[in-house]
Each structure stands twice: as structure tokens, then as C-alpha cells.
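Under my numbering, the first residue of the sequence shown carries the number 4, and numbering increases by one thereafter.
Before any comments, here is the structure.
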Amino acid sequence: MVTTTDKVRNAMTVDVEDYFHADAVDTLAPQAAWAHMPCRIERNIDVVLALLDQHQVRATFFTLGWIARRYPAMVRAIDAAGHEIASHGYTHQKASRQSRVQFRRDAIRSKGVLEDLVGDAVIGYRAPACSVGPEHRWALDTLYHAGYRYSSSSYPLLRRQRADAPRFACFPAGASGILELPRSTARVLGYNLPAGGGASFRLLPYPLSRALLRSVNRIDRQPAIFGFSAWEVDAGQPRIAGLPPGARLLHYLNLGRTEPRLLALTREFRWGRIDEVFPMLPGVSEPVFRSQLRPRWQGFSRSDAAVQPVRSRS
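Take a look at the structure:
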């Protein structure tokens, strides 16, 4: 049961990628080898869909184009279950590793594949490894001109981005550009701590992850954006030899605990798809969040400068 104090609806997201796409293993699993590696994605998506269905949670599935090409029936099943289909790129390459032309082609290719499968517009995008930061502002402009209307491609943790980078929904280029929805962080003692899932959800004790999410809802009064990768519910996935100790810990620790933790999360918070939680529409001439100024990616005096509390759609 959702606790009565948690009235904000948060956005649940899933990265539809297999274990060999993960950032921690990318040097040992190059794209040329993917077709020859045993895939687990169909099994994992079945688990995720069943898990979300237990508490009638609808989510946004950021789907890799490479996966969609090979498993079209799976993508249609996700769509038929009432979830939002969004793009995770085609080849799972970080924005920082692509030229502008490569990034544009990859984003357009993925969008086209997904739209052909579900017969509807794909307006959302998440960069692999949330690799779009202040230095990659060009990527957001590219996404907008490619037909996307929102991005969830940043995770402003202190170790990866400026501590004063935008933490909540904003229009980096102003009202005429794309809406950026960073993965959620909680501000604690001057640090941005991970509240938006990923490896930290497996590595940290569950009560701490829950407390960080509640901080976003209760203190910041913002809807949280939480995400996990489909391979994180798969403790039986093949082990990739040669991983250094840090990468091995990051990728494999507590895989067996992810599913019960996610089930607890779906029970204790309210969730929805991104396009339900954030009441924005493609092609509108004015920003939906009219109380906001035009936040920039740089020059913030504090972490939430110029970003006012946003109410989620009930």
C-alpha cells in the first residue's frame, strides 16, 4: 500500500538493454560480439512486466534500437501492456563518444525503428549511461530537431557533473526547446546523492534509497524520476570474464535483491509513465511549467536555482 504521506506521483523508467550493453562491461563486450552472446532480454522483460503489474504501475521503457530490431514482439508487448515506449538510442554509445553527426543518425534511427513497431510517436529519449551533461548541450538541441520532446539523459551526481547542475525538470534552451528530466538526486549536506536508481539502488541499503526518494517528494516537493536496467533483475546472467574488481562489483553486486526491492518500491510510492507524470505535450508553443524561468545548465548559484516545485499530474 502507498503510504498516505507520499501523494506525489513519480516516474518509473526502465532501460531496455541486455547485460552486455551495460557501461561497466562495454570494453569487454564490443558491439561486434553482441550477436554472438546469449541474450536474456526477453526473460528479463517478462519479469519486469510481471513485477510492475502486481501494483498496476505503468512505466516508461527507454528501448535500445538494437534490441527492438531483434525482438519486435517484445516491444509490442510492452506497448500493449500500457507502458510508454521511448528511445535509448540504437547502438548504446555515450553521447561523449559520438560526433554530432553520429549522435543525430543514431537518435533518428532508433526513433524510426520504435515508431514503426508501435505505430505511435516516440517523444522521449535517454542517453546511454545518462551521458548528457552541460558540455553536451548540443545533444539536446539535436534531439529536439530529430523530433523528440523530452530527454532524461542526465544524472547530476557530484562525482559526474557540477553540483549546481539542474536537478529537476527544465528547458535548457528555453520554452522552444526540449524538456530535460534529470534522474533524481537528493541534496544532503551540500552533496547530490543518488535517488534515481541505477547501481546505487543495488549497492545502498534499501531504507536509504527509500529515504532519498522521499526527500525529493517531501522536501523538494518534486516528482522523482527513478530508473533501472532490465538486466538488473537477472541474477543468473552470464558472467563476463576479465572485469576489473570495481566494474565487477558495480555490475554484479546484489542482483538477486533488485526484484524484491523494486516490488517494495512500487508498493510504497505512487508511479506513472513520464508522459503521465509530467503534463507536457509535443509541439506546444509555451512551456507547460509556466512558473519556471529559463534555467541554464551553467552559472547556477545553488542546485535548484530557477526551478520551482512542479506538481505531477494526478
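Note that the Cβ used here is the ideal one computed from N, Cα and C, for glycine as well.
This structure is a prediction, so every number in the text was calculated from the model and none was measured.
Remark: C-beta atoms of Leu143 and Ala176 approach each other more closely than 8 Å.
Runs of the alpha helix (DSSP H) spanning 4 or more residues and lying entirely within the stretch 87–168 occur at 103–121 and 140–148, in chain order. In this structure, Ile228 is the residue among Ile228, Leu256, Val121 and Pro263 with its C-alpha nearest to the C-alpha of Asp18. Bridge pairing for Arg190: Asn195 [DSSP]. The beta carbon of Leu31 lies closer than 7 Å to those of Ile243, Gly245 and Leu246 in the same chain, with the five residues before and after it left out.
Using a Cβ-Cβ distance cut-off of 8 Å, the stretch 112–121 and the stretch 36–55 are not in contact, since fewer than three pairs of beta carbons, one from each stretch, lie closer than that value. In the three-state reduction of the DSSP assignment, Asp237 falls in the coil class. Secondary structure of Ser179 (DSSP, three-state): coil. Inclusion of Glu138 and Ile70 in the CB contact set at 8 Å is not warranted, their separation being larger than that value.
In the DSSP assignment, Asp18 falls within the beta strand (DSSP E) that extends over Arg12 to Val19.
Between the stretch 186–193 and the stretch 89–103, the count of Cβ pairs shorter than 8 Å is below three; the stretches do not touch. With a contact defined as Cβ atoms closer than 8 Å, Phe64 and Ile44 miss out at about 11 Å. Contact check for Ala189 and Ser218: beta-carbon distance about 4 Å, within the 8 Å limit, so the pair qualifies. Here the C-alpha atom of Leu253 lies approximately 31 Å from the C-alpha atom of Arg108. In this structure, DSSP gives Gly245 a state outside helix and strand, which the three-state scheme calls coil. Residue burial annotation: Trp274 is buried, with at least 16 other C-beta atoms found within 10 angstroms of its C-beta. About 14 Å separates the CB atoms of Leu54 and Glu271; that is not less than 8 Å, and the two are not in contact.
For the pair Thr66 and Asp237, the Cα-to-Cα distance works out to about 17 Å.
According to DSSP, Cys173 shares a beta bridge with Glu183.
Between the beta-carbon of Leu182 and that of Ala198 there is about 20 Å, and that puts the pair past the 8 Å contact cut.
Using a Cβ distance threshold of 8 Å, Val104 and Lys114 do not count as a contacting pair.
Shown here, Phe231 sits in a strand according to DSSP, grouped into three states.
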